[in-house]
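Numbers in the numbering used here are just positions in the sequence shown, counted from 1, shifted up by 8. Yeah, the Cβ is synthetic: ideal placement off N, Cα and C, and Gly gets one too.
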Amino acid sequence: MSEFISKSPSDTEKIAENFAKTLKGGEVIAFKGGLGMGKTCFVRGLAKGLGFNGEVTSPTFAIVNEYLGGKFNLYHFDMYRIEGWDDLFSIGYFDYISDDSVLAVEWSENIENCLDNNTIYINIASSGENERIITIGK
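Written out as structure tokens, the structure is:
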């Protein structure tokens, strides 16, 4: 397990960008952390670290945003309104999992019993107005 302190959104992006360089493809990254903790900011750095140069936004209304063209395809999910296996099948979640992709899953608490043992968990917690503690582990 690794722990990082971020003092700004740009710190969070840099931590994620460096973390992206360790990925081998096929990973599912499950985020834990409340509203406004910096999950999408982390995904922005993740996308940059994988070589994606476009805009990265929250998939709140789309459920999934696709960032293609980097080292791996990055699929950014928002599971806020997803409640289990049936919902995951209906949005095609399992079709996105492959060796040439990375899945970033916000609100993973809603599908925790559907995630496998290889899932990488990233917990982002506030430790001050702009400071965050980012914990990465399995």
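- Message: Can you tell me whether Ala38 is helix, strand or coil according to DSSP?
- Response: strand
- Message: By alpha-carbon positions, which one of Leu58, Gly33 and Leu96 ends up nearest to Ile71?
- Response: Leu96
- Range of the contiguous alpha helix (DSSP H) that encloses Thr20: Pro17 to Ala28
- Test item: CB-CB of Ser134 and Met9 under 8 Å: no
- Enclosing alpha helix (DSSP H) for Gly145 [first to last residue]: Where Gly145 is concerned, there is no enclosing alpha helix (DSSP H), although the beta strand (DSSP E) it sits in stretches over Arg140 to Gly145.
- Message: Rounded to whole angstroms, what is the Cα-Cα separation between Thr65 and Lys56?
- Response: 13 Å
- Query: Can you list, in chain order, the residues of its chain whose CB lies under 7 Å from that of Trp93, leaving out five sequence neighbours each side?
  - Reply: Cys122
- Skipping 5 residues on each side, what residues in its chain have a beta carbon closer than 7 Å to that of Cys49? Pro17, Thr20 and Glu21
- Query: Hey, out of Glu139, Ile141, Glu117 and Ile105, whose CA is closest to Glu35's CA?
  - Reply: Ile105
- Per DSSP, what kind of secondary structure is Asp103 in: helix, strand or coil? helix
- Query: Roughly how many angstroms separate the alpha carbons of Tyr83 and Asp103, rounded to a whole number?
  - Reply: 11 Å
- Assigned secondary structure, Phe80 (DSSP; H/G/I helix, E/B strand, else coil): coil
- Message: If you follow the beta strand (DSSP E) that Val113 is in, where does it begin and where does it stop?
- Response: Ser109 to Glu114
- Query: Thinking just about the alpha-carbon of each residue, which of Thr143, Phe27 and Ile90 is nearest to the one in Glu114?
  - Reply: Ile90
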